[in-house]
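The sequence shown begins at 1 in full-length UniProt numbering and counts up by one.
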Amino acid sequence: MGLFSFIKEAGEKLFGGKDAQAAPAGGATQDDLNAKAASAIENYIATQNLGASGVKVTFDGSQGKVTVTGDAPTQAAKEKITLCCGNVASVTSVDNQMNVTNPEPEAQYHDVVRGDTLSAIAKKYYADANKYPAIFEANKPMLSSPDKIYPGQKLRIPAL
């Protein structure tokens, strides 16, 4: 699957991203801040109920890099975990080293830009704007509504 790039300023605000990248203050070490950020990302992945086991996240605040390991039940779950990690403010790259129990073809990805809608994205990839529910479903539970996408977000575009 490789290393995926993300936009640092976009995404869920799970932890003090600037704190994780700045010089530690008040007795906290950089390792403490990185561990706190990794824990926040692990907890976020757990709330998505993707069926993964043994998920372990490490975060390097100086580089904005997340590395995730563990076992995913499907390729889709592995890809959603990549997005859980990457669509977090202060994360610039994700190295997903998870094992997949039931391998399947990888999805494509789309970086949301200003003015994008799921319908427009569906038209681009599927030549049919009415197929936007496939993209919405492929990105649940991270997306709570088809209308709630934002610039800088990365979305899975599954094959139909």
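Ideal placement from N, C-alpha and C gives every residue a C-beta, glycine not left out.
- Cβ atoms of residue 105 and residue 52 stay farther apart than 8 Å, at about 19 Å.
- Where residue 133 is concerned, the enclosing alpha helix (DSSP H) starts and stops at 132-138.
- The bridge partners DSSP lists for residue 71 are 53 and 99.
- Bridge partners of residue 6 according to DSSP: none are assigned.
- Residue 6 is positioned such that its CB atom lies no closer than 8 Å to that of residue 38.
- The three-state secondary structure of residue 160, taken from DSSP, is coil.
- Nearest to residue 44 by alpha-carbon distance, out of 11, 154 and 123, is 11.
- Inclusion of residue 80 and residue 108 in the CB contact set at 8 Å is not warranted, their separation being larger than that value.
- Exclusion of the five residues before and after residue 126 leaves 134 and 160 as the residues of its chain whose Cβ lies within less than 8 Å of its Cβ.
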